[in-house]
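Residue numbers (the numbering used here): 723 to 872.
The C-beta atom is built at its ideal place from N, Cα and C for all residues, glycine as well.
A short write-up of the structure that comes next.
Printed below as a string of structure tokens:
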């Protein structure tokens, strides 16, 4: 599924920022939930690191969160682990409201279809609207809240 978009790392080095709201309505299929969230990503000036923060509220029994490769309305494979930052999943029992995950993504963190590729390949996919954040729970293992990154 890895579509390439023709942006070089040097053009991305302008410290791009991506912010996406997360909701059950964006899941495929949609999930009826009171949970909400927001994910923010900031590319470093040299284009080698992507810092992130995922905030979620009113969500129960979080299991994991990722960046997936896929267009709006479609599902796709995991390309970056956000919570926890690597397998296996870690269950947060009960209701969670607040920062779910923060960290820094480098090329070494890319998995699935982007494994072994450059961080610029992930950023290209983000800029093309071909990635989404998905927060998985015990009740909704395929995802409870989602937001398309673009």
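ask   = Secondary structure at residue 783, three-state DSSP: helix, strand or coil?
value = Translated into the one-based positions of the chain shown, residue 783 becomes position 61. In the structure shown, residue 783 sits in a strand (DSSP, three-state: E or B).
Could you work out which residue in 775, 746 and 755 is closest to residue 761 when comparing CA atoms only?
As a first step, residue 761 must be located in the chain shown, where it is residue number 39. Here the closest residue by C-alpha is 775.
ask   = For residue 732, which residues of its own chain have a beta-carbon under 8 Å away from its beta-carbon, when the five flanking residues on both sides are left out?
value = Here the question's residue 732 lines up with position 10 in the chain shown. Note on residue 732: pLDDT 40, under 50, position unreliable in the model; no value is reported.
Burial state of residue 864 (16 or more Cβ within 10 Å) = As a working note, residue 864 is residue 142 in the chain shown. Exposed.
Q.
Quick check on residue 821: buried or exposed, where buried means 16 or more other Cβ atoms within 10 Å of its Cβ?
A. The residue you call residue 821 lines up with position 99 of the chain shown. Flag for residue 821 reads exposed.
Span separating the alpha-carbon of residue 836 from that of residue 788 = Looking up residue 836 in the chain shown gives position 114. Looking up residue 788 in the chain shown gives position 66. Roughly 13 Å separates the two Cα atoms.
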